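First the structure, in the form of structure tokens, and then the observations on it.
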Amino acid sequence: MRRSIDELRTFYGEPTGALARRLVARRLDDAWGEAANCDVLGVGYATPWLDAFVGARRVVAAMPGGQGVEHWPAVGRNRTLLIDDRRLPFPAGSFDRILLVHALEEADDPAALLMEAVRALAPTGRIILAAAARGGLWARADNTPFGHGRPFTRRQLERLVRDVGLEPTAWSQTLYVPPWGPLLPLADGFEQVGRRVFPGAAGLILLEASRQTYAHIRPSGLAQRVAAPVLAPQPSTSAAASVPSLVSKRRERGVD
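Set out below in structure tokens:
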């Protein structure tokens, strides 16, 4: 059973939710920036991040029936709608960017939901799956939305996108700080240390996929952009799962 819209709204209005919102927003900014001249779809409960896509032509929030729907944005014309997980009410190829947050973990059929998202994706579009990490502490905290439903490993997400005809192009992790109030002020330090020392402690995995690969790996192991910005890659830890990892733009500029 999905978390209700009231529970989700309450969580993101509290300190723990506000922190999660900020840390995930960093990763999305690294990936898509303002989504200039793009049509953007958020599936699940993505409204905490959709306001950032100020360069988009159109932004729509699609919320599953088992969750409920809220009016968004707070001011102006409503851009949300209630959907059936297995049948999105959009023509094929309608969106250049699709973000799934709080969507896969509690879906009755994650593959069917993702298949519908892919149908709505433009031929050169990009999709990001944000899902609770199986090995992280957030998946064990049932006082957060990440502690409900099925968490995923990176390999499971890679397999899921390949099964619907996409290729993983980049990935990242965040929410290294345990979801415990006294530690929340130390979140930025946990992010810096966790990425380098305890990658398995992350609470959230973000995987980007598309029908095209936008980044090549130099022999040095650093990423080189070839087209529109994506979640900047690094080499994966094994040849069998050669999906790149995200590096923030801030690090590329020498700032963390």
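In my numbering, the protein residues as written are 13 to 268. Yeah, the Cβ is synthetic: ideal placement off N, Cα and C, and Gly gets one too. Nothing here was measured: the structure is a model prediction, and the numbers come from that model.
- If the five residues before and after residue 116 are omitted, its C-beta is found closer than 6 Å to the C-beta atoms of 122 and 143, all from its own chain and listed in chain order.
- Taking C-beta atoms under 8 Å as the contact rule, residue 159 and residue 213 fail to qualify, at a distance of about 15 Å.
- In this structure, residue 93 keeps its C-beta atom at 8 Å or more from the C-beta atom of residue 119.
- Within the segment 103–185, complete beta strand (DSSP E) segments of at least 3 residues are found at 107–113 and 133–144, given in chain order.
- A direct Cα-to-Cα measurement between residue 108 and residue 66 gives close to 15 Å.
- With contacts defined by Cβ atoms closer than 8 Å, residue 103 and residue 223 do not form a contacting pair.
- Each residue's CA atom was taken as its position, placing residue 217 and residue 96 some 24 Å apart.
- Taking the CA atoms as reference points, residue 44 sits about 12 Å from residue 61.
- The beta carbon of residue 146 lies closer than 7 Å to those of 163, 164 and 165 in the same chain, with the five residues before and after it left out.
- For residue 174, same chain residues with a beta-carbon under 6 Å away, outside a window of 5 residues either side, do not exist.
- Between residue 157 and residue 219 the beta-carbon gap is near 18 Å, outside 8 Å, which marks them as no contact.
- Here DSSP, grouped into helix, strand and coil, assigns residue 205 to helix.
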